[in-house]
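Numbering (the UniProt record's numbering), first residue to last: 1 to 444. Glycine residues also receive a C-beta, built at the ideal position from the N, C-alpha and C atoms. All values reported here derive from a predicted model rather than from experimental measurement. Following: one structure in structure tokens, then a few remarks.
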């Protein structure tokens with residue numbers, strides 16, 4: 001029976017062992033995942049896909065080793081003497097925890113060892129972040145996953161199809177070669193033939209001159225035959241090279257209510273959800289653009305810093321944000337060329353008279369253009385509520401409005417989030433693979 005040997009020839013990172021690094025990530029995965037979760041909270045959305053410098057506790061990451069026990073046993077050591085001990089003296093074993101080495105017993109309120117700093121690469125960070133996720137199956141249209149090819153001029157070639165023949169370049173090469181090799185011109189040979197004919201027609205012709213002209217004409221004819229007018233080395237064809245044109249491009253719309261009822265806790269929950277969605281899309285598409293739309297009773301497109309940190313407040317009209325998203329799609333993102341995703345975060349407040357228009361815009365204008373639209377309703381942290389303060393799970397105005405739109409045929413989902421720890425489960429529920437969803441449903 002033949003055996004197969006696999007040799008890993010991947011180059012190691014500078015100053016590191018790739019195999020040891022991968023083994024360490026597998027062993028300390030739980031601690032690393034917790035550190036990745038914490039590191040993501042202070043990042044910009046577009047920066048979340050880069051690597052991370054994280055810190056994890058040293059406890060639990062050390063490898064098991066065999067070593068001599070510090071308890072019991074007899075050992076002989078040879079150490080240099082000093083003013084207290086002379087040659088031949090024996091030194092009593094120090095009590096446990098007082099050996100003078102590094103340990104954790106000296107800290108009254110926690111571990112005494114420093115945390116272990118570990119740098120994750122971009123690929124490692126994203127792999128840990130996006131395990132077991134995929135884009136949902138959508139019946140509306142196929143996702144654009146393959147790159148289109150754009151053929152671009154790339155100089156000239158000496159071989160090719162006749163349809164790509166470059167006549168100008170071919171004739172230029174031919175002329176250069178004929179001049180360099182001094183090929184006789186047709187006008188020169190015609191002039192010699194005319195002079196010979198004129199001499200032959202004269203009664204007192206000069207035989208020596210006639211013989212000289214005939215010899216010169218013969219040499220020029222032979223030279224013109226040896227140097228063709230167009231040689232195969234002169235022929236040039238237009239050369240084209242395929243340039244990948246990213247067809248897998250997506251735009252992500254982030255919509256958020258910034259009215260006075262949205263607290264910093266709610267905005268933080270929204271940011272975490274937007275961050276996860278952006279990171280997920282960058283793994284699926286080569287080009288992802290992000291559009292930020294904030295709204296009170298008016299909506300506007302803003303940059304990321306303004307989106308999350310502006311202190312402007314006002315009333316609440318959700319339809320203005322949907323109108324702004326509709327306008328931007330029409331002007332900059334044709335549905336035929338872009339995969340459009342929408343993510344909306346709100347505390348659920350909306351003007352009562354605005355409900356009908358909001359539902360109509362979402363159902364008839366936005367959902368037909370979107371691959372996926374997720375509404376996340378954020379709320380106050382129940383753990384931070386004062387003692388005796390009860391929260392009631394009532395349906396908000398916007399939740400009731402959007403319930404009219406949900407259905408099995410629409411790429412629209414609604415979820416509620418109240419705490420940071422709920423972000424990841426909700427996100428995984430939205431984008432879990434079919435097999436993972438079925439296994440979760442089958443689990444009692």
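Subject >> Top-ranked residue by Cα proximity to residue 381, from 255, 373, 198 and 417 >> reply: 417
Subject >> As assigned by DSSP and simplified to three states, the class of residue 325 >> reply: helix
**OP:** Could you check what DSSP says for residue 399 in three-state terms: helix, strand or coil?
**Re:** helix
Subject >> Own chain residues within Cβ distance below 7 angstroms of residue 451, not counting five before or after >> reply: The structure shown does not extend to residue 451, since the chain is modelled only from 1 to 444, so the question has no answer here.
Original post:
Skipping 5 residues on each side, what residues in its chain have a beta carbon closer than 8 angstroms to that of residue 303?
Top reply: 292
Subject >> For residue 193 and residue 202, the rounded distance between their alpha carbons >> reply: 15 angstroms
Original post:
What is the C-beta distance between residue 354 and residue 318, in whole angstroms, given that I count them as a contact (C-beta under 8 angstroms)?
Top reply: 6 angstroms
**OP:** Would you mind working out which of 409, 398, 394 and 375 sits nearest residue 430, comparing C-alpha positions?
**Re:** 375
Original post:
Taking the alpha carbon of residue 410 as the point to measure from, which residue in 394, 368 and 422 has its own alpha carbon closest?
Top reply: 368
Original post:
Given a threshold of 16 other Cβ atoms within 10 Å of its Cβ, counted over all protein chains shown, does residue 99 qualify as buried or as exposed?
Top reply: With a pLDDT of only 47 at residue 99, under the threshold of 50, the placement of this residue in the model should not be trusted, and no figure is reported.
Subject >> Coarse secondary structure for residue 260, derived from DSSP in three states >> reply: coil
Original post:
Would the beta-carbon of residue 266 fall within 9 angstroms of that of residue 397?
Top reply: no
**OP:** Report, in whole angstroms, the separation of the C-beta atoms of residue 277 and residue 256, which I expect to be a contact under 8 angstroms.
**Re:** About 13 angstroms; that fails the 8 angstroms criterion.
**OP:** Determine which residues share a DSSP beta bridge with residue 445 and list them.
**Re:** Outside the displayed range of the chain (1 to 444) lies residue 445, so it cannot be described from this structure.
**OP:** Enumerate in chain order the residues of its own chain whose CB-to-CB distance from residue 223 is below 6 angstroms, with the five nearest sequence positions on each side excluded.
**Re:** 184
Subject >> Residues sharing a beta bridge with residue 350, DSSP >> reply: DSSP lists no partner for residue 350.
Subject >> Contacting residues, own chain, Cβ-Cβ under 6 angstroms from residue 230 (five flanking each side not counted) >> reply: 174
Original post:
What whole-angstrom Cβ distance do residue 232 and residue 149 have, given they're in contact under 8 angstroms?
Top reply: At roughly 30 angstroms, the Cβ-Cβ gap does not stay under 8 angstroms, so residue 232 and residue 149 are not in contact.
**OP:** Would you kindly check if the distance between the Cβ of residue 310 and the Cβ of residue 294 is under 9 angstroms?
**Re:** yes
**OP:** Identify, in the order they occur along the chain, each residue of the same chain with its Cβ nearer than 6 angstroms to the Cβ of residue 157, setting aside the five sequence neighbours on each side.
**Re:** 237 and 239
Original post:
Roughly how many whole angstroms lie between the Cα atoms of residue 259 and residue 297?
Top reply: 8 angstroms
Subject >> Close beta carbons around residue 289, own chain, < 6 angstroms, minus the five adjacent residues each side >> reply: 251
Original post:
Hey, residue 378 and residue 270: beta-carbon distance below 9 angstroms or not?
Top reply: yes
Subject >> Nearest-angstrom Cβ-Cβ length linking residue 218 and residue 210, presumed shorter than 8 angstroms >> reply: The Cβ separation is near 13 angstroms, so there is no contact.
**OP:** Report back the beta-carbon spacing between residue 401 and residue 360 to the nearest angstrom; my notes put them in contact at under 8 angstroms.
**Re:** Incorrect: roughly 10 angstroms between the Cβ atoms, too far for contact.
Original post:
So what does residue 149 bridge to, in DSSP terms?
Top reply: 244
**OP:** Return the chain-ordered list of same chain residues with a C-beta closer than 6 angstroms to the C-beta of residue 4, the five sequence neighbours on each side being excluded.
**Re:** none
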